[in-house]
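Using the working numbering, the letters of the sequence shown map in sequence onto residues 1 to 80. Working notes, beginning with the structure itself.
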Amino acid sequence: MGGNGFPSMPSSEFKRLLCMKLGYRELGDSGKGSHCWLVSDAHPRIRWAFHRREVSSIEVRKLLVNQIGLTLEEARRVVE
């Protein structure tokens, strides 16, 4: 667990949590390159650029709170 109360985790695990707990799915045709868009009916779309690496605790918090717009409490529940 990072100093900010969020864990670091492999990108594949973090993406799976976003899909299972927040309803995200990969957009079928995200264009060229290795980055893709994740879309949800209830949350803003996000650009997924974490490929086969560890996502730091700071990145986990920033994506959940700043990009998706969850409260700190909601964000912590996603990664529990």
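Here a beta-carbon is modelled for each residue, glycine too, at the ideal position from N, C-alpha and C. On a predicted model such as this, the values are computed, not experimentally measured, just so you know.
Beta-ladder partner(s) of residue i, from DSSP
{"i": "Ile46", "result": "Leu38"}
{"i": "Arg25", "result": "Val39"}
{"i": "Met111", "result": "This structure gives no information on residue 111, because the portion of the chain shown stretches from 1 to 80."}
Cut-off 7 Å between Cβ atoms - residues of its own chain near residue i, not counting five sequence neighbours on either side
{"i": "Ser40", "result": "Leu22, Gly23 and Tyr24"}
Separation of residue j from residue i, as counted between CA atoms
{"i": "Asn4", "j": "Ile58", "result": "7 Å"}
{"i": "Pro10", "j": "Ser56", "result": "9 Å"}
{"i": "Ser12", "j": "Ala42", "result": "21 Å"}
{"i": "Ala49", "j": "Ser8", "result": "16 Å"}
{"i": "Arg16", "j": "Val79", "result": "11 Å"}
{"i": "Arg47", "j": "Glu73", "result": "23 Å"}
{"i": "Cys19", "j": "Arg53", "result": "18 Å"}
Own chain partners of residue i with C-beta closer than 8 Å, once the 5 adjacent residues on each side are dropped
{"i": "Arg45", "result": "Leu27, Trp37, Leu38 and Val39"}
Same chain, Cβ closer than 6 Å to residue i, five either side skipped, listed in chain order
{"i": "Arg77", "result": "none"}
{"i": "Ala75", "result": "Leu64 and Val65"}
Inter-residue CB distance, residue i and residue j (contact presumed, cutoff 8 Å)
{"i": "Phe14", "j": "Val60", "result": "6 Å"}
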